[in-house]
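Worksheet: one structure, shown below.
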Amino acid sequence: FLRLSLIYTDIKRNPQSYIEYVDKRYKALSTQLLYSYKLNPQSVIFLGYSDNGYQDDELSRIKKDQRTLFAKFSYAWML
């Protein structure tokens, strides 16, 4: 099983409509890649990568701010 997820957010606001300061423009991009392999009906290996990035009024392009690699092994003892 292989899954790729992309989540893109693009928000435009009028800062004069808010009491506190808000960015006029905010963008975000999150990606996740997940691979899973089933050894038997109750045992699975998961490997994955995810990252997040954002852009606000101070940045000219989306900047990555988080990266994660992960692995999980789920094994069922069969008697």
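Oh and the sequence shown: position 73 is 155 in the numbering used here, straight run, nothing missing. All C-beta atoms in this analysis are idealised placements derived from N, C-alpha and C, irrespective of residue type, glycine included.
In DSSP terms, what S156 is bridged to: V126
Take every Cβ of the stretch 135 to 142, pair it with every Cβ of the stretch 102 to 121, and state whether three or more of those distances are shorter than 8 Å. yes
Whole angstroms are fine: how far does the CA of Y131 sit from the CA of Q98? 39 Å
Contact under 7 Å by Cβ, F152 with S118: no
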